Amino acid sequence: MDTQSELGAHDSEQSTLSATLEQILELQQKNSRQLVQSLRENVNFQNQVRQGMQSELDNLKEQQRGEQFTPILKAVAAVCVEYRKLLTDESVSRRTRRTLKFLFDELEEILAEYDAEIFTSQVGAARRPLLTKVVSTVATGDKNLHNTIARSCRPGVMRNGRPLYREFVDVYVYDASLSTGVKKSEAVRTE
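In our numbering, the protein residues as written are 90 to 280.
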């Protein structure tokens, strides 16, 4: 009987040990799942923090470059370009023209302070689509002149290679019918 009771006690210990091991295994698996979930949440949190920091960094870089002034600079550019023609208007008195010249000079200095420049394309130069708007086309028989500047109608203003105010231009367009015989150009309105 002693042996049987020892065997029963041994079986009982083994089943208790087995049950304990199963509980430990279940707890270990539960802990593993919780750890994996926590790691996922941590990665998501880190990504959100990085994205927020990157967004803030981009905003600060824009501010450092003065991008927050772009809308104001666009308005200044429009005034400079649109109203500068008053300086050549004969109906404006000489004194007023002088005052206007000083005003436009000041506005141009403001633009220059923020790296903006007034530009005018040269006749025959390649058209820069981002910076120019075609007002009319000029037919030409010369293939080499196709999509080049025929005339600058109004200057533009750009900052860091981007337009604040687009230049209005007339552009040459190749017309095969003009390539034979006399090369004659005639303006054709596109707007």
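Ideal Cβ positions, reconstructed from N, Cα and C, are used throughout, including at glycine. These figures come from a predicted structure and were not determined experimentally.
Identify which residue in Arg216, Arg173, Gln126, Ile199 has its Cα closest to the Cα of isoleucine 161.
Ile199
Considering only their Cβ atoms, is the gap separating aspartate 259 from glutamate 240 smaller than 7 Å?
It is worth fixing the name first, because residue 240 is arginine in this sequence and not glutamate. Their beta carbons are under 7 Å apart, which means arginine 240 touches aspartate 259 by this criterion.
What separation, rounded to the nearest whole angstrom, lies between the Cα atoms of leucine 149 and phenylalanine 257?
34 Å
7 Å Cβ cutoff met for leucine 146 and alanine 205:
no
In whole angstroms, what is the alpha-carbon distance linking lysine 272 and aspartate 231?
Caution applies to lysine 272, whose pLDDT of 45 falls short of 50 and renders its modelled position unreliable; the value that the coordinates give is listed next. For lysine 272 and aspartate 231, the distance between alpha carbons rounds to 8 Å.
Nearest neighbour of glutamate 156, chosen from Val212, Tyr203, Val224, Arg186 [CA to CA]:
Tyr203
Between the Cα of valine 227 and the Cα atoms of Asp100, Gln103, His235, which residue gives the shortest distance?
His235
Using the beta-carbon count (16 or more within 10 Å), is glycine 245 buried or exposed?
buried
Cβ neighbours of lysine 190 in the same chain (closer than 7 Å, five flanking residues each side left out)
Leu176
Any beta strand (DSSP E) of 3 or more consecutive residues that is wholly inside the segment 143-203
none
Keeping to the same chain, check which residues put their C-beta closer than 8 Å to that of arginine 251; ignore five residues upstream and five downstream.
Leu219
Pull up the distance between the alpha-carbon of asparagine 136 and that of asparagine 120, whole angstroms please.
24 Å
Where leucine 128 and valine 138 are concerned, what is the direct C-alpha to C-alpha distance, given to the nearest angstrom?
15 Å
Cβ-based burial, methionine 247 [other Cβ within 10 Å; buried from 16]
buried
Assuming threonine 209 is part of the beta strand (DSSP E), what are its boundary residues?
Looking at the DSSP string, threonine 209 is not in any beta strand (DSSP E), and its letter there is neither H nor E.
Keeping to the same chain, check which residues put their C-beta closer than 7 Å to that of serine 268; ignore five residues upstream and five downstream.
Gly230
Per-residue DSSP class, three states only, for glycine 141
helix
Backbone secondary structure at serine 104 - three-state DSSP
helix
I need the straight-line Cα distance from tyrosine 261 to arginine 173, nearest angstrom please.
26 Å
Residue environment, alanine 276, which counts as buried when at least 16 other CB atoms sit within 10 Å
In this prediction, alanine 276 scores a pLDDT of 47, lower than 50, which makes its location untrustworthy; the coordinate-derived value is nonetheless stated afterwards. Classification of alanine 276: exposed, given that the 10 Å Cβ count is below 16.
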